[in-house]
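Asker: Going line by line, the protein sequences match chains A and B.
Going by the numbering used here, the residue at position 171 of the first sequence is 274; the numbering climbs one at a time, nothing skipped.
Going by the numbering used here, the residue at position 196 of the second sequence is 335; the numbering climbs one at a time, nothing skipped.
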Amino acid sequence: MDTVLAITFKGGVVLAADQSNARSIISYQSNIDKIKELTSHSAMGVAGPNCDLVRFTEYIAKNLALYKLNHDGTQLSTKAQANFCRSELAEALRKGPYQVNLLLGGFDKDVGQSLYYMDYLAALEKVNYGAHGHASNFCLSIMDKEYRDDLSEDAALKVIDHCIHEIHTRFLISQPNFMVKVIDKDGVRVVKFGGDPADT
Amino acid sequence: MSYDRAITVFSPDGHLFQVEYAMEAVRRGSTAVGIKGKDCVVLAVERRALAKLQEARTIRKIISVDERSVLAFAGLTADARVLIQKIRVEAQSYRLTMEDSPSIDYLARYLARTQQQYTQRGGVRPFGIASLFCGVSSDDGAPELYQTDPAGTHSRWKAQVIGGRSAKSLREFLEKQYQDGMEETACVRLAVQALLEVVDSGAKTMEICVVRRGGKKEMMEEDAIETIVKEIESEQEEKRAPPGAASGGDPEYV
Chain A
104 MDTVLAITFK GGVVLAADQS NARSIISYQS NIDKIKELTS HSAMGVAGPN CDLVRFTEYI
164 AKNLALYKLN HDGTQLSTKA QANFCRSELA EALRKGPYQV NLLLGGFDKD VGQSLYYMDY
224 LAALEKVNYG AHGHASNFCL SIMDKEYRDD LSEDAALKVI DHCIHEIHTR FLISQPNFMV
284 KVIDKDGVRV VKFGGDPADT
Chain B
140 MSYDRAITVF SPDGHLFQVE YAMEAVRRGS TAVGIKGKDC VVLAVERRAL AKLQEARTIR
200 KIISVDERSV LAFAGLTADA RVLIQKIRVE AQSYRLTMED SPSIDYLARY LARTQQQYTQ
260 RGGVRPFGIA SLFCGVSSDD GAPELYQTDP AGTHSRWKAQ VIGGRSAKSL REFLEKQYQD
320 GMEETACVRL AVQALLEVVD SGAKTMEICV VRRGGKKEMM EEDAIETIVK EIESEQEEKR
380 APPGAASGGD PEYV
């Protein structure tokens with residue numbers, strides 16, 4: 104069961120996700136990247152079957168690229184991107200649903216950082232921090248206690264580290280590797296990962 | 140007899156009149172010049188005088204299609220808008236299914252195929268558009284220049300002109316002046332020189348875009364264009380001056 108975590112800080116968003124690709128009793132991979140970059144300043148952490156993860160994120164990303172081309176280089180705001188995702192999930196819900204739970208984080212010049220929580224039934228909520236998967240049972244209380252409005256990037260990364268440590272200690276399923284990314288005014292960048300996605 | 144003028148069917152002597160009329164619409168459009176150099180392609184487009192109350196920046200004649208490609212068209216603006224939308228969606232569709240960027244050849248062929256389809260279907264008319272489509276196909280690829288026309292043909296060119304009444308004479312001008320493997324500055328100069336034959340002097344009448352090897356696109360600033368225009372005009376002035384004339388008269392003031 105996938106773990107996706109996210110927390111906002113003053114000037115950006117931290118997204119973290121486990122790196123295991125497993126089904127039933129088999130582990131296929133332990134180095135996949137579940138945090139897909141959508142535009143230069145937004146990314147989406149996705150929990151769910153790999154097929155829906157890939158289909159949904161690539162579809163959204165290409166449509167966002169098309170929007171940018173059609174609008175003279177203007178990118179959709181994070182809020183608009185989140186609402187677009189939600190409406191696509193809602194459309195598909197009663198036709199061929201995507202079984203994905205998302206945390207979409209982004210940075211806009213005018214409003215700063217924002218984080219949106221979405222589930223597979225197309226619920227959407229703007230949040231300061233969030234978690235998907237079984238791990239949410241362990242991590243949300245840590246985030247409740249440690250979140251502040253004026254967190255620095257380092258402090259936010261520490262909160263994520265606390266969450267990951269708790270998962271390693273208390274969660275039954277082994278998730279040794281985590282991918283952590285930060286989105287700020289300079290774009291999306293990888294902070295650290297347990298397994299290199301480039302290793303085939 | 141006259142039915143072949145209204146829809147795209149063959150005339151008794153083998154003409155597709157609608158396609159030929161569409162090409163006439165292209166001739167009424169503004170001129171666009173494309174020049175391929177060693178590491179770049181230059182697109183230069185005539186910018187016709189706008190109405191005083193119109194916002195100049197909303198009229199774009201050189202349009203981004205994909206990350207590494209641009210398109211300039213001559214003919215009906217509204218038709219161009221529709222075609223460009225189709226090709227943009229196709230480029231993203233290709234990226235979604237193939238997990239790779241489409242080559243310039245692929246997109247040019249798609250554009251041409253679309254234009255041809257509208258010459259062979261009932262109830263539609265051809266697009267009144269000829270286009271100069273250029274870009275690079277890969278990270279280190281050389282730049283390519285393609286042309287499409289209302290008939291739906293596409294071909295690759297080293298230098299080409301579309302639109303305007305003087306396209307034929309401009310093409311002859313390019314054939315004389317073009318050299319293989321030109322550097323960027325030489326390409327831009329040649330493009331400006333060609334356009335100056337048909338437009339009023341000045342940077343405001345031209346829009347120039349350079350696509351470099353590797354895919355970086357750049358629209359030239361008005362000042363840079365103005366400099367080049369002045370250089371070319373002063374050279375032409377000097378050529379026109381009678382031999383042995385004193386070099387009085389400041390070359391800057393033409």
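The beta-carbon is built from N, C-alpha and C at its ideal position, and this holds for glycine as well.
1) Should B:P282 go down as buried or exposed, given a rule of 16 or more other Cβ atoms within 10 Å for buried?
2) Counting beta carbon pairs with one atom in the region 305 to 317 of chain B and one in the region 181 to 192 of chain B, are three or more of them shorter than 8 angstroms?
3) Any chance you could list the alpha helix (DSSP H) runs of at least 4 consecutive residues sitting entirely within the region 219 to 265 of chain A, in chain order?
4) Strictly below 7 angstroms CB to CB, what residues from chain A border B:S203?
5) Name the residue from B:L309, B:K378, B:E376 and B:V331 whose alpha carbon lies nearest to the alpha carbon of B:V368.
6) Tell me which residues share the same chain as B:G261 and place their Cβ nearer than 8 angstroms to its Cβ, disregarding the 5 neighbours each side in the sequence.
7) Run down chain A in chain order and give the residues with a C-beta less than 8 angstroms from the C-beta of B:R234.
8) Name, please, each residue of chain A whose Cβ falls closer than 8 angstroms to the Cβ of B:R227.
9) Run the proximity test for B:V209: is its beta-carbon closer than 8 angstroms to any non-hydrogen atom belonging to the ligand GDP?
10) Where B:V184 and A:A185 are concerned, what is the direct C-alpha to C-alpha distance, given to the nearest angstrom?
11) Helix, strand or coil, according to DSSP, for B:T147 in the structure here?
12) Please determine, among A:G290, A:I135, A:G297 and A:T303, the residue with the shortest C-alpha to C-alpha distance to A:H144.
13) Cα separation between A:S123 and B:R207?
14) So, are the CB atoms of A:Y219 and A:Q202 less than 9 angstroms apart?
15) Between A:E194 and chain B, is any beta-carbon pair separated by less than 9 angstroms?
16) Give the straight-line distance between the Cα atoms of B:G274 and B:I243, rounded to the nearest whole angstrom.
17) Does the beta-carbon of B:I198 have 16 or more other beta-carbons within 10 angstroms, so that it is buried, or is it exposed?
18) Under a CB-based cut-off of 9 angstroms, is A:Y220 close to chain B?
19) Does DSSP classify B:V393 as helix, strand or coil?
Answerer: In short:
1) B:P282 should be labelled buried.
2) Segments in contact, no.
3) Counting only runs of at least 4 residues, the region 219 to 265 of chain A fully encloses the following alpha helix (DSSP H) elements, listed from N- to C-terminal order: 239 to 249.
4) Listed along the chain, the chain A residues whose CB falls inside 7 angstroms of the CB of B:S203 are L172.
5) Comparing Cα positions, the closest option is B:V331.
6) Contacts found: I146.
7) In chain order: K165 and A168.
8) For B:R227, the chain A residues whose Cβ falls inside 8 angstroms of its Cβ are L169, L172 and N173, in order along the chain.
9) As for the ligand GDP, it is missing from this structure, which has no ligand bound.
10) Cα to Cα, B:V184 sits roughly 39 angstroms from A:A185.
11) Coil, per DSSP.
12) Checked all of A:G290, A:I135, A:G297 and A:T303; the closest Cα to A:H144 is A:G290.
13) Going from the Cα of A:S123 to the Cα of B:R207 covers about 35 angstroms.
14) Taking C-beta atoms as the reference points, A:Y219 and A:Q202 fail to come closer than 9 angstroms.
15) Chain B, which has no Cβ nearer than 9 angstroms to the Cβ of A:E194, makes this no.
16) C-alpha separation (whole angstroms): 6 angstroms.
17) By the neighbour-count definition (other C-beta atoms within 10 Å, threshold 16), B:I198 is an exposed residue.
18) Cβ-Cβ to chain B under 9 angstroms: no for A:Y220.
19) The predicted position of B:V393 is uncertain, since its pLDDT is 48 and thus under 50; no value can be drawn from it.
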